[in-house]
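Undergrad: What the sequence shown shows, in the numbering used here, is residues 1 to 535, in sequence order.
Where is the CB? At the ideal position from N, CA and C, for every residue including glycine.
In this text the structure is predicted, and so the values were computed from the model without any measurement.
Just dropping this structure here.
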Amino acid sequence: MDSSSKDTPWQGNLIAEEARRHYEREHTLTLTQAIRKYPMAIFWTLAISTGVLMEGYDQGLLSSFYGFPAFQKQFGTSVGNRKYNISAPWQSGLSQAVHVGQIFGLFINGWAVDRFGYRYTMMLSSSLIAALVFMQFFAPRVEVLLVAELLIGFPLSTFLVSIMVYAAEICPTILRPYLTIYTNLCWSIGKFISSGVLRAFVESSGKRAYKIPMGVQWAWTPVIMVIIILAPESPWYLVHRNRLEDARKALRRFTSNPTETEISKNISMMIHTEEHEKSIISGTSYFDCLKGSNLRRSEIACVVFSFGPLGGAALSGFSTYFFEQAGLSTVYSFDLSIGQNALGFLCGILAYFIVWRIGRRNLVLIGLSGMLICLVIIGGLGVPATTQSLAWVTGGLMYAYVVVNSLSVGPIAGTIVSEIPSVRLRIKTVCLARNAYNVTSIINNILTSYQINETAWNWRGMAGFFWAGSCLLIIWAWFRLPESRDRSLAELDALFEAGTPARAFAKTSIKIGAEESLSEIPKGDVSTKVEASDV
1 MDSSSKDTPW QGNLIAEEAR RHYEREHTLT LTQAIRKYPM AIFWTLAIST GVLMEGYDQG
61 LLSSFYGFPA FQKQFGTSVG NRKYNISAPW QSGLSQAVHV GQIFGLFING WAVDRFGYRY
121 TMMLSSSLIA ALVFMQFFAP RVEVLLVAEL LIGFPLSTFL VSIMVYAAEI CPTILRPYLT
181 IYTNLCWSIG KFISSGVLRA FVESSGKRAY KIPMGVQWAW TPVIMVIIIL APESPWYLVH
241 RNRLEDARKA LRRFTSNPTE TEISKNISMM IHTEEHEKSI ISGTSYFDCL KGSNLRRSEI
301 ACVVFSFGPL GGAALSGFST YFFEQAGLST VYSFDLSIGQ NALGFLCGIL AYFIVWRIGR
361 RNLVLIGLSG MLICLVIIGG LGVPATTQSL AWVTGGLMYA YVVVNSLSVG PIAGTIVSEI
421 PSVRLRIKTV CLARNAYNVT SIINNILTSY QINETAWNWR GMAGFFWAGS CLLIIWAWFR
481 LPESRDRSLA ELDALFEAGT PARAFAKTSI KIGAEESLSE IPKGDVSTKV EASDV
């Protein structure tokens, strides 16, 4: 399809003209200039992202407990020879309880952020987590622990979603991938900390061996609470609530030595984008995420966030138990898990240096291909009878899988999901995407529990074959995943409203001229003015 240029007159006013100038300036902003201009936006994103540690720590803690002798003895059943095991049904139930709680919590979170803002929503969630850790800590039976995990899922759902969207909203386009990747990196740091804490107690006996790791969650709750109280609110939320003076104050706190003209242009851009999107879909409910061009945006966000679970991430999540079933000792299994999480952390840092070179779409395609190869080989190593040598090779292949995932799909998924939705529906679209992640994680974890549990299917490494099939999502990505690198919010609106094919997003040139109006894009045109598009 060839898109022709169309010049349409401004409906306009000063707000539209200032919005245009802001978009032009943002496109010319270099990384160094952005860091100098928005140091406090970077600082507050890094600081508030600490909240994601709690989710990563909690999830890493529980999955590692399944291979933890003290935990197995307290909550498992005897399998003879003074050994205990958490049965596959209880493994599935405990792992899924957090995700089930998050599903309901996310729907509440999307409404709460729209109504009360990011700060108040996160403050309440942080307080609830501190209270619910008591229930985890003093759980006398596995049934009580199950309820505790279910309830803690409600407030935990707030952090990754709200912080990721917060980061996407307060920073310019060029900083967006770096700061949204950092939120994912914090999740990896949380898992790494949980592995390290557990390793210190793996040879301890008694209840304190697993209670102390649970209690560590109280350590950073007050720190996170103070950070949230001091942090500015998102100016996008304030504009959405028509609190323009508060939005100006927030922008001043994010920007270094801003002039009144710069603040005015930024506010105008937000108002202009808000009004344009309101003219397309006036509502901000979850149902509006499934209407018009927002349906396609929701589809992309949901599928991309599900790449991790559907791509075999549960095998790495259950790595301690998986390594034990592959033939390694408990101590070696924990050591490998710590190394795996450390490797994921380091690769998350390396991802900063490749994301701007390769782009979102290519990174996903390369990542899914690499994960597919690793899982097929892991599956093949699980076919022969288990030996110590094969167990170590399987551990090495699991490391390779983590490297590929942590350099591609893992970190970039959050960036794509946070920038693809429209502004007015961003938080709700991301909540829907995170719930797609939770649903697929539930299915994923149930299947993996049975696949690798010695009292159930006992597939061992052959589970890799099953999850390799899910990596065929690369076919979906080729046809449906667009390239959103270096695109402003208005440009993404225009491309989606025009129905631009995914493979044409990177080629389509968009210029917003002073004489044009974004609100009058004829159906079939890629923007108000499109140049040399070879869609």
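Does the Cβ of LEU230 have 16 or more other Cβ atoms within 10 Å, making it buried, or fewer, making it exposed?
TA: So LEU230 ends up on the exposed side.
Undergrad: Classify THR32 as buried or exposed, calling it buried when 16 or more other Cβ atoms lie within 10 Å of its own Cβ.
TA: Exposed, because fewer than 16 other Cβ atoms sit within 10 Å of the Cβ of THR32.
Undergrad: In chain order, what residues of the same chain lie with their CB nearer than 6 Å to the CB of TRP459, ignoring the 5 residues before and after it?
TA: These residues qualify, in order along the chain: GLN451.
Undergrad: For LYS536, is the classification buried or exposed, using 16 other Cβ atoms within 10 angstroms of its Cβ as the cut-off for buried?
TA: Absent from the model: residue 536. The displayed extent of the chain is 1 to 535, so no value can be given.
Undergrad: Could you tell me whether the Cβ atoms of GLY117 and GLU26 are closer together than 7 Å?
TA: No, the pair does not count as a contact, with Cβ atoms beyond the cut-off.
Undergrad: Rounded to whole angstroms, how far is the Cβ of LEU368 from the Cβ of GLY311, which I believe are closer than 8 Å?
TA: Their Cβ separation, rounded to whole angstroms, is 7 Å, which keeps LEU368 and GLY311 in contact under 8 Å.
Undergrad: DSSP on LYS207, reduced to helix/strand/coil?
TA: Coil.
Undergrad: Evaluate contact between the segment 363 to 383 and the segment 461 to 468, counting only Cβ atoms and requiring at least three cross-stretch pairs below 8 Å.
TA: They touch, by the three-pair rule.
Undergrad: May I have the straight-line CA-CA distance separating SER441 from GLY292, to the nearest angstrom?
TA: Going from the Cα of SER441 to the Cα of GLY292 covers about 28 Å.
Undergrad: Could you say if the segment 351 to 371 and the segment 402 to 409 meet the contact criterion of at least three C-beta pairs nearer than 8 Å?
TA: Contact between the segment 351 to 371 and the segment 402 to 409 is present, because at least three Cβ pairs lie under 8 Å.
Undergrad: Enumerate, from N- to C-terminal direction, the unbroken alpha helix (DSSP H) stretches of 4 or more residues contained entirely within the segment 467 to 507.
TA: Those alpha helix (DSSP H) runs which fall completely within the segment 467 to 507 and span 4+ residues are 474 to 480, 489 to 497.
Undergrad: Tell me which residue opens and which closes the alpha helix (DSSP H) that SER408 is part of.
TA: Taken as a continuous stretch (DSSP letters only), SER408 belongs to no alpha helix (DSSP H), as it is neither H nor E.
Undergrad: Work out the CA separation of THR448 and LEU94 for me, nearest whole Å.
TA: Their backbone Cα atoms lie some 13 Å apart in a straight line.
Undergrad: For a quick check, are the C-beta atoms of ALA41 and PHE307 less than 7 Å apart?
TA: Not in contact: ALA41 and PHE307 (Cβ atoms no closer than 7 Å).
Undergrad: My output table needs one value for ARG78: the three-state DSSP class, helix, strand or coil.
TA: Note on identity: in this sequence residue 78 is Ser, with Arg being the wrong assignment. Of the three classes helix, strand and coil, the one that applies to SER78 here is strand, per DSSP.
Undergrad: Apply the 10 Å Cβ neighbour rule to ILE228 and answer buried if 16 or more other Cβ atoms are within range, or exposed otherwise.
TA: Answer is buried; the Cβ neighbour count reaches 16.
Undergrad: Flag this pair as yes or no: are the beta carbons of ILE163 and ILE48 separated by less than 7 Å?
TA: Yes, they are a contact pair.
Undergrad: At what residues does the alpha helix (DSSP H) containing ASN458 begin and finish?
TA: Element bounds for ASN458: n/a, residue is neither H nor E.
Undergrad: Where does ALA219 land, buried or exposed, given buried means 16+ other C-beta within 10 angstroms?
TA: Answer is exposed; the Cβ neighbour count stays below 16.
Undergrad: Kindly indicate which residue of LEU473, MET462, ALA391 has the alpha-carbon position closest to the one of VAL364.
TA: Measuring from the Cα of VAL364, the nearest candidate turns out to be LEU473.
Undergrad: Once DSSP output is grouped into helix, strand and coil, what is the label at ALA514?
TA: With a pLDDT of 41 at ALA514, under the threshold of 50, the modelled position of that residue is not reliable, and the figure given next carries that caveat. Coil at ALA514, not helix or strand.
Undergrad: Cβ-heavy atom distance between ILE300 and the ligand NAD below 6 Å?
TA: As far as ligands go, the structure on display features none, and thus does not contain the ligand NAD.
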